[in-house]
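**Q** Handing you this structure, nothing more for now.
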Amino acid sequence: MTGFVSDIRTRTFGIEIEMCNVERSKVELPEGYSWSKEENIFNTDGSSNRNFGGEVNTPPLHLCTKDLHELKDLYESMVNAGGKLKWSIDTHVHIYAGDLSVEQLRKVFLFFYVCYPYFKKYAHISDCDELTFNCQPLPAEKYYKGVLNAKTFDDIRELFTNQSKEGFIRHAVNISALFKTKTIEFRMFHATDDFYKAMNCVYSAYRIFYYAVNHDLSDFKNISSYKDFKAVTKLKYNVPKELVPLLYQGNPYSAIETFMTNPLPYNSKQASALYEAVKKNGYKEISIVNGFMYYYELFFYEKLCVSIYSQDPYCHLLYLIANGFTTLTYKNKLAWLEYYNDKTIKRQFSLALYAASLQKFFMSKSARNHAIFEALKVKAKESIEKTEKANDRLLRMLTTCEYHVGTLQDAINCKQVIFFNYGKDKKQKRTFKLIQENSDLDMDFSVSKNEYYDLVESLPNETFFYFISNSPFLSNMYKLAMFKTSAGDRRSAGRFLYCNKPSATSEVSTFYKGNHIEVNEIVPPDDLEINNPKNLKVVRVSPDYLYCLQKKYINKVDMVSRCTYAFVVMYDKYTLGGFGFTLPQHKGYDLFQLTDFCTNNAIPRLSKLILFCIQTSVVQKELSRRMHKLVEKVISCAYTHKPVSMKYRGVYTKVKDHCTSSYLAYEGMLGKFSNNKEVIDKYQSLLKNGQRK
């Protein structure tokens, strides 16, 4: 497509409509509309359910009466079916771009990059959106330079390809959508349940699209103010504004926690800060919801009048045992505990607590777990007696404190000072399941979910609500204290003690000490000759050490993950690269090869050499020793849109059953090379055959 472009009557658009809570069965989709099978939306109670909430994808639509009426009816239907909005859902508008030239596609991104501050202001893109790589990440300079130098569509495709499940980095203006849907995706708009605001997003996307393809870089650079930006694009629409995150947002640097936080374990410094805040407000009581193994309750016990609202079956079981409401007889895997069970309340209580130390050894069958479990049984009597003595105070608290099974809403309705600790602890869940399956316990524990929508806004005037979070963006509450939680190079925004009311003195600040990993690797020169087996070494390193190297040398992903088992490959004094493994999700494999990379890709076939080193008997022996079993097969995923991965080709075996539209799966066999000489010989044979790339 060349020349001036102005074809709004024929150029189609589409919308991804996201809402929480909407009951899908009550929404009648027009022909061509569909629920996305890939999008997983957390509802306003923190749950994820295929029957409630989701994303509707429209077919290609025209700006005509029929299509717009159907779209308007759908928005109304979703709202009537219970649809709600929250901070982490958006309105994504697609404009057809399958007829664009390379130059026109480049212009769209260049306009977005050069004028990004104005895009951000117009669409109300939040700081939180920018931090999360799968929301609207900041457009980095490397993409700007890459687009400037791109000559073909393949150049652009390669530039934006990464190892996310979508296959591409997706900016607020996502031109890489062209390679999947033949559209440009405008991800910059927040969610709305209002048809007219949604159409404002559509009109805005059209305006941006047409201005970009009909102008050039010099025009973009001449825009010197937000006023100029709106004038030249004719943007005049009221688009959806940013929403305050609900309580279950966590660390915005984490792709997972920004949408659903992990439970925060007890910390004495945090508890002390909370205690000081409550005292300053002159209160002598506190109600604790989800206190995490009663640690917070025990901290406040005998300092304040404590009331407990329990949402955890294991914690409730401890309460029942402490008050003599239930007595357990153990069987099956825990039958041996009956030898120590004298049926007194103290002993029953200590046995239920002792079971928490056993639960992780039943998570999977392995020689290591079995050996540790048998060793624990030898020392069981001593451990149970220590547990009994150490938990006298907990037993006393559970028999004297006010106790309820209830939700956060129940506590708000009845109490004035409330501390809420989000989430369910997996250890407690596993412990309860272990006891339930291996005793005569007959207990039906069910409690309604907490509802977080408008929770802070609807608190009674006299209520003091305290909450600890890894999110800095809960702007409807006040920060009373900040705890610096960064350990080493882990990305974190900090941890905060929030309250729904301001404090005259918000001075509490503390930090946790963390070890900083320093990596002083020597990168090999481009002309390094790798031909001496004696100089080649595979070295086991800490996951943090490898993580530092990953962040430095892996460029195709915007965030990297830590490995459980980490190694680097050395040649003399040079670090050639690294690799690492974690536990597999694919059946039939011993480990998942999470990463393998080189420090200097200019060295011929270095990525192949790293794969050869992975398959040595040295690596197999080390992994087998640490996992207490023979480790033979690993699986790795190559995120590419090509039919084959050139790196893995000829070294690993492609596993078609595990390949998806986003990645190719490859199987590697450990122990294939018995020594370094075989590795060097194989590597040299590749070079001699002319395979130097």
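First residue of the sequence shown: 1, per the UniProt record's numbering; consecutive thereafter. C-beta: ideal position from N, C-alpha, C; glycine also. Quick caveat: nothing in here was measured; it's all calculated off a predicted structure.
Here's the rule I'm using: 16 or more other beta-carbon atoms within 10 Å means buried, otherwise exposed. How should residue 106 be labelled?
**A** Buried, since its Cβ has 16 or more Cβ neighbours within 10 Å.
**Q** Over the uninterrupted alpha helix (DSSP H) stretch that includes residue 368, give me the two end residues.
**A** It spans 367–378 - the alpha helix (DSSP H) in which residue 368 sits, taken as one unbroken run.
**Q** To the nearest angstrom, how far is the alpha carbon of residue 464 from that of residue 484?
**A** Each residue's Cα considered, the two are about 24 Å apart.
**Q** Is the CB-CB distance between residue 41 and residue 20 below 7 Å?
**A** Result yes, Cβ atoms of residue 41 and residue 20 sit closer than 7 Å.
**Q** Quick check on residue 499: does DSSP put it in helix, strand or coil?
**A** Note: residue 499 maps to strand in three-state DSSP.
**Q** Is the Cβ-Cβ distance between residue 102 and residue 153 less than 7 Å?
**A** Closer than 7 Å, so yes.
**Q** Out of 322, 410, 231, which has the shortest C-alpha to C-alpha gap to residue 211?
**A** It is 231.
**Q** Drop a sphere of 10 angstroms on the beta-carbon of residue 9, count the other beta-carbons inside from all chains shown, and report buried for 16 or more, exposed for fewer.
**A** Exposed, by the Cβ-count rule.
**Q** Quick check on residue 86: does DSSP put it in helix, strand or coil?
**A** Coil.
**Q** Specify the secondary structure class of residue 666 as computed by DSSP and reduced to three states.
**A** Strand, per DSSP.
**Q** Near residue 174, what residues of its chain come up, given a Cβ to Cβ distance below 6 Å and the 5 sequence neighbours on each side ignored?
**A** Same-chain partners within the cutoff: 185, 187.
**Q** Using beta-carbon positions only, say whether residue 405 and residue 310 come within less than 7 Å of one another.
**A** Against a cut-off of 7 Å, the Cβ pair of residue 310 and residue 405 comes out as a contact.
**Q** Would residue 87 be called buried (16 or more neighbouring beta carbons within 10 Å of its own) or exposed?
**A** Classification of residue 87: buried, given that the 10 Å Cβ count is 16 or more.
**Q** Do residue 563 and residue 546 come within 7 Å of each other at the CB atom, strictly closer than that value?
**A** Cβ atoms of residue 546 and residue 563: closer than 7 Å.
**Q** Out of curiosity, what's the CA-to-CA distance linking residue 412 and residue 190?
**A** Rounded to whole angstroms, residue 412 to residue 190 spans 30 Å at the Cα level.
**Q** May I have the straight-line CA-CA distance separating residue 124 from residue 172, to the nearest angstrom?
**A** The alpha-carbon atoms of residue 124 and residue 172 are separated by roughly 11 Å.
**Q** Looking at C-alpha atoms only, which residue of 544, 496, 417 is the closest neighbour of residue 307?
**A** Checked all of 544, 496, 417; the closest Cα to residue 307 is 417.
**Q** Nearest to residue 467 by alpha carbon, out of 58, 155, 275, 430?
**A** Taking only the C-alpha atoms, the option nearest residue 467 is 275.
**Q** Using 7 Å as the limit for Cβ to Cβ distance, is residue 57 near chain D?
**A** The displayed structure is made up of one protein chain only, and chain D is not part of it.
**Q** Please state whether DSSP places residue 400 in a helix, a strand or coil.
**A** Residue state, collapsed to three classes: helix.
**Q** Among residues of its own chain, excluding the 5 on either side of residue 156, which ones have a beta-carbon nearer than 6 Å to its beta-carbon?
**A** So the list reads 150, once near-sequence residues are dropped.
**Q** Inspect the beta-carbon positions of residue 694 and residue 39 and report whether they are closer than 7 Å.
**A** Lying before the first or after the last residue shown, residue 694 is absent from the chain, which here runs from 1 to 693.
**Q** Between the segment 213–232 and the segment 414–430, are three or more C-beta pairs nearer than 8 Å?
**A** With a cut-off of 8 Å, the segment 414–430 and the segment 213–232 do not count as touching, because too few Cβ pairs lie within range.
**Q** Would you say residue 273 and residue 481 are within 7 Å of each other, going by their C-beta atoms?
**A** Yes, these two residues count as a Cβ contact at 7 Å.
**Q** According to DSSP, is residue 247 part of a helix, a strand, or is it coil?
**A** DSSP places residue 247 in coil when its eight states are reduced to three.
**Q** Run through DSSP, which three-state label would residue 698 get?
**A** In the structure as shown, the chain starts at 1 and stops at 693, and residue 698 therefore has no counterpart that could be examined.
**Q** Please confirm if the segment 263–270 is in contact with the segment 389–403, defined as three or more CB-CB distances below 8 Å between the two stretches.
**A** With the cut-off at 8 Å, the segment 263–270 and the segment 389–403 do not touch.
**Q** Which one of 128, 304, 294, 111 has the shortest CA to CA distance from residue 143?
**A** Residue 143 has its Cα closest to that of 111, out of 128, 304, 294, 111.
**Q** Out of 422, 37, 589, 625, point me to the one whose CA is closest to residue 748's CA.
**A** Because the chain is modelled from 1 through 693, residue 748 falls outside the range shown and cannot be assessed.
**Q** What do you reckon, are the CB atoms on residue 668 and residue 652 nearer than 7 Å?
**A** Going by C-beta atoms, residue 668 is nearer than 7 Å to residue 652.
**Q** Alpha carbon to alpha carbon, how far is residue 631 from residue 582? Give it in angstroms, no decimals.
**A** C-alpha separation (whole angstroms): 12 Å.
**Q** Under 6 Å Cβ to Cβ from residue 78, same chain only, skipping five residues before and after it: list those, please.
**A** Excluding sequence neighbours, residue 78 sits near 19, 22, 27.
**Q** If we count the other Cβ atoms within 10 Å of its Cβ and call it buried at 16 or more, is residue 94 buried or exposed?
**A** The residue is buried, with at least 16 neighbouring Cβ atoms inside 10 Å.
**Q** Quick check on the burial criterion: 16 or more other C-beta atoms within 10 angstroms. Buried or exposed for residue 58?
**A** Residue 58 is buried by the Cβ-count criterion.
**Q** Taking the continuous beta strand (DSSP E) assigned at residue 187, which residues delimit it?
**A** Its beta strand (DSSP E) spans residues 183–190.
**Q** In the DSSP assignment, the alpha helix (DSSP H) including residue 149 goes from what residue to what residue?
**A** 141–149 is the span of the alpha helix (DSSP H), which, as asked, contains residue 149.
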